[in-house]
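Protein chains in written order, with our numbering: chain Y, 66 to 262; chain F, 66 to 262.
Beta carbons are placed, not taken as given, at the ideal position from N, Cα and C, and that holds for glycine.
In this text the structure is predicted, and so the values were computed from the model without any measurement.
The structure appears right after this line, and notes come after that.
There are 2 protein chains.
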Amino acid sequence: MPDRTEIDALIELMARLPGLGPRSARRAVLHLIRKRALLLQPLADAMQAVASTARECLNCGNVGTADICPICADEKRGNGQLCVVEDVADLWAMERSGVFKGRYHVLGGTLSALDSVGPEELRIPQMVTRIDAESVTEVILALNATVDGQTTAHYIADQLEHRVALSSLAQGVPIGGELDYLDDGTITAALNARKRL
Amino acid sequence: MPDRTEIDALIELMARLPGLGPRSARRAVLHLIRKRALLLQPLADAMQAVASTARECLNCGNVGTADICPICADEKRGNGQLCVVEDVADLWAMERSGVFKGRYHVLGGTLSALDSVGPEELRIPQMVTRIDAESVTEVILALNATVDGQTTAHYIADQLEHRVALSSLAQGVPIGGELDYLDDGTITAALNARKRL
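In structure tokens:
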């Protein structure tokens with residue numbers, strides 16, 4: 066059907082999104098075509114807007130529409146605390162909790178010998194520069210509790226030893242978590258880090 | 066973060082796609098922003114192209130970029146067979162199999178007393194008109210094997226009785242299907258429609 070090429074091209078592009086495959090991309094595109102005015106046109110406009118304005122913050126690596134993101138630009142958030150995360154998604158997750166009032170530093174991944182990701186690929190030098198430039202007193206490592214995440218945390222801790230206060234997120238039972246469903250590692254970590262009441 | 070409004074707007078729109086929720090929409094948008102040049106911009110362009118060209122075929126209800134879809138426009142497919150489907154997705158599924166050489170008629174749903182969907186909402190009158198106009202000799206009901214689909218099939222069969230040859234897709238064991246995993250209804254249908262070898 067030569068006539069369907071635009072639609073086929075859209076399906077093919079949609080199928081490349083994480084979480085969508087060829088089948089769900091077809092469903093999504095049909096849904097979009099049915100809601101041309103209400104959803105497809107606004108979505109095309111929103112994508113165009115993001116495509117032309119989105120950029121990474123030159124300072125922390127957060128994603129926004131300015132060279133310096135609102136968090137880095139906010140004087141009040143320069144309180145000496147720097148939260149180091151792997152990814153922008155982790156930064157957004159921290160921001161949703163609303164509990165952290167300092168600034169972030171997005172590494173853009175984890176150290177990985179296999180994928181030959183070294184400190185330079187990870188914006189670790191920029192982090193060291195920021196520690197002096199922004200008078201950081203405490204670095205909070207909010208890296209994922211995976212092998213790669215913890216390897217990276219150890220490396221950063223080695224680099225920054227004696228220069229700033231270092232901490233990492235507590236490990237333990239998640240709120241609402243049931244022991245029966247938790248893995249051994251989490252239970253071990255929660256027991257080792259038990260708190261006196 | 067006032068600065069992130071365009072990105073937030075995009076996430077909100079993406080979350081309205083079938084198969085995506087707020088979390089997977091965030092993941093998809095971050096992925097898009099990382100691949101601005103390779104994916105986000107082409108996707109924005111493809112959506113814009115579909116938004117401005119996609120329309121329903123005035124004859125059969127298929128989705129394409131012309132007022133009359135390529136299947137309806139193709140003389141060779143006017144072979145007297147008309148395949149009635151609920152939805153454009155079903156038409157595409159039939160076309161992928163490549164086995165049907167006639168034309169389609171997309172109902173746009175099923176009859177439903179609860180949702181007050183009557184024959185007029187379903188393009189059934191247009192189907193009756195087409196049967197005369199296109200000298201249809203056989204109507205093949207390829208409706209879903211659900212209660213609503215079968216109700217609609219019965220209604221159409223009543224309407225067309227004695228006017229054309231009527232058939233519906235065979236029911237039975239799907240290719241590659243294992244009896245152990247099939248529901249009782251399918252096994253019953255397959256046994257009742259058993260074929261002599």
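A Cβ-Cβ contact shorter than 8 Å links A210(F) with Q236(F).
DSSP, reduced to helix, strand and coil, places G250(Y) within a helical segment of the structure shown.
When C-beta distances to chain Y are compared with 8 Å, the residues of the segment 74-104 of chain F below that value are A74, L75, L78, M79, R81, L82, P83, G84, L85, S89, R91, R92, A93, V94, L95, H96, L97, I98, R101 and L104, in chain order. At a C-beta separation below 7 Å, M112(Y) has these neighbours in chain F: L75, L105, L108, A109 and M112. A Cβ-Cβ separation of about 6 Å places V204(F) in contact with L225(F) under the 8 Å criterion. Rounded to whole angstroms, the separation of the alpha carbons of H96(F) and L78(Y) is 13 Å. Put simply, the CB of T253(F) is far from chain Y, with every gap to its CB atoms at 8 Å or more. The beta-carbon of I189(Y) is placed no less than 8 Å from the nearest beta-carbon of chain F.
Where L108(F) is concerned, the enclosing alpha helix (DSSP H) starts and stops at Q106 to T118. Nearest CB-CB separation between A218(Y) and chain F: not below the 8 Å threshold. The distance from the Cβ of Q106(F) to that of A74(Y) is about 13 Å, inconsistent with a contact at the 8 Å cut-off.
Shortest Cα-Cα distance from V212(Y) to any of A198(Y), L206(Y), R91(Y) and S177(Y) involves S177(Y).
For N144(Y) and L104(Y), the gap between their C-alpha atoms comes out near 42 Å. Under the 10 Å beta carbon count, H170(Y) is surrounded by 16 or more other beta carbons and is classified as buried. Interface with chain Y (8 Å Cβ-Cβ cutoff): V115(F) is included.
Under DSSP, the beta-bridge partners assigned to C148(F) are Y169(F) and I205(F). When R101(F), A102(F), R81(F) and I76(F) are compared, the shortest CA-CA separation from R91(F) is found for I76(F). In the DSSP assignment, the residues bridged to L231(Y) are V204(Y).
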